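Residues are numbered in the numbering used here as their position in the sequence shown, beginning at 1, plus a constant of 1055. We put the beta carbon where it would ideally sit given N, CA and C, even for glycine. Just so we're clear, the structure is a prediction, and the values are computed from it rather than from any experiment. This report refers to the structure that appears directly beneath it.
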Amino acid sequence: MVTTDYSDQALIPQISAEHEKLRTLVRAFAQEKIAPIAAEFDESGDFPLDTIQQMGAMGLMGIEVPEEYGGAGMDTLAYVLTMIEVARADASHSTIVSVNNSLYGHALLKFATEAQKEQFLAPVASGEKIGAYSLTEPMSGSDAGTMQSRAVLNDAGTHYIINGRKSWVTSGPVADFVVLFTMTAPEKLHKGVTAFLIEADQPGFIRGKKEPKLGIRASATSEIVYEDYACPVENRLGGEGDGFKIAMTVLDAGRIGIAAQALGIAAAAYEASVAYARERQAFGGPIGQFQMIQQKIADMKTRIEASRLLIYSACAAKERSKATGERYTLESSMAKLFASETAAFVTDEAVQIHGGMGYSKEVAVERYYRDARITRIYEGTSEVQRMVIARGELGLR
Ligand code: CAA
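Printed below as a string of structure tokens:
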């Protein structure tokens, strides 16, 4: 007799009553306060500080951060449900939420000392301050272990003197604190990278030009230049040489958030497409009666729900890792890869279903199409995700 082992069902976490309450709360806030201003902020490219601070007061800037550090003390699924709802209303807002929570917040939560958490985590988790994560440089993107910036310990052994140029820093134009990755021992390549907690109001921290972006335009992005920035030794995050592993560990968490963002954008585009297919008339009836539109709707829905399962499975893997310490790199990369490619597919089909209207700024699908594009690039391109997945499966490095 064959007995089926259903234990894999535990890979998909259950949505509890508390999660449902959070989702309802975030959905209401996102639809009432964020969705109505999304197009205006996309056009102006202004940073939506007011709504971000309101979300901070709701605990949404540090969802997994314990309450004693100003967060909501919830789990990864709560973070994912929040990201989906915020992204459904506006991808730019969700980018800011994701950096504060899972790049900046996760780095501090996992690697900071008590004193560092009090000074650097609590104000960001409560939404009073903005955090950023800075790995990329003009000549070092996917090949993250080749950075040119340097941190040199001074003779007194009290400060690291940091020089260099970091690029594509999300929230760079407004960040109060930055988790910075830079080289303390360049000859050791990736083993020479060290992480630091940077205060933006100190001398030698220079914000560069704001990037004029295709999408997520209200999420400010810039270069940051360091010119003899003196970072106290006590603001080093982890040990010397731990930086690359910290960066990668944090990206495992971050990629789940970007997958959820991609799902939220795709869901918004899908919902708009279903509504349009029901109401738009052509050839004597709603366009939804045509099989070519039906095929698009079926494929969009199926890929969205498949993305959701991969994301929930990555949530469960991350939760398990809190107890076991095991990496969830594979689950996180698969969720990010599939959800971001789904967002590209769904937003493209959404524009197609809307026809000429889909190409106009008069309807939101035009923005969803542009916003979705970044999810295949940041926090590791689709090519990097495929590399991570395949290397893991093949036992290669
Ligand atoms: N967790 C923990 N450790 C990890 C790890 C992970 N996920 N991935 C790799 N490591 C460790 C390895 O075990 C290895 O350790 P040892 O030296 O002790 O053996 C070390 O790190 C080096 O690993 P690799 O040899 O695999 O490293 P690599 O140089 O070949 O690079 C890579 C691998 C996957 C391509 C990696 O460089 C990468 O992910 N690149 C993309 C970077 C990225 O996502 N950038 C986006 C920046 S954030 C952003 O987008 C901006 C924003 O603000 C939103």
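Take THR1436 and list the residues in its own chain whose beta-carbon comes closer than 7 Å to its own, dropping the five residues that flank it on each side. SER1197
Host alpha helix (DSSP H) of PRO1091 (start-end): 1090-1099
Hey, is HIS1161 close to ligand 1, as in C-beta under 7 Å from one of its heavy atoms? no
In whole angstroms, give me the CA-to-CA distance for ARG1262 and LEU1190. 15 Å
Residues bridged to HIS1214 [DSSP beta-bridge criterion]: PRO1287
SER1195 CB to nearest heavy atom of ligand 1 below 7 Å: no
PHE1400: first and last residue of the uninterrupted alpha helix (DSSP H) it sits in: 1384-1409
If you count every other CB in all the chains shown that lies within 10 Å of the CB of THR1168, and 16 or more means buried, which is it? exposed
Among LEU1318, ALA1427, SER1099, GLN1349, which one has its Cα closest to the Cα of ALA1330? GLN1349
Could you pull the DSSP bridge partners for ALA1206 from this structure? ILE1217
Relative to ligand 2, is the shortest distance from any of its heavy atoms to the C-beta of GLU1192 smaller than 7 Å? Judged by which ligands are present, ligand 2 is missing from the structure shown, whose ligands are ligand 1.
How far does the alpha helix (DSSP H) with ARG1431 in it extend, from its first residue to its last? Careful: ARG1431 lies outside any alpha helix (DSSP H) and carries neither H nor E.
Where does PHE1102 sit, in a helix, a strand or coil, going by DSSP? coil
Tell me which residues share the same chain as ARG1422 and place their Cβ nearer than 6 Å to its Cβ, disregarding the 5 neighbours each side in the sequence. ASP1097
Is it buried or exposed, GLN1316, if we count other Cβ atoms within 10 angstroms and call 16 or more buried? buried
Taking the Cβ atom as the reference point for each residue, do ALA1390 and ILE1429 lie within a distance shorter than 8 Å? no
Should GLU1404 go down as buried or exposed, given a rule of 16 or more other Cβ atoms within 10 Å for buried? buried
Check the C-beta distance from PHE1251 over to ALA1206 and give it rounded, since I have them as a contact under 8 Å. 7 Å
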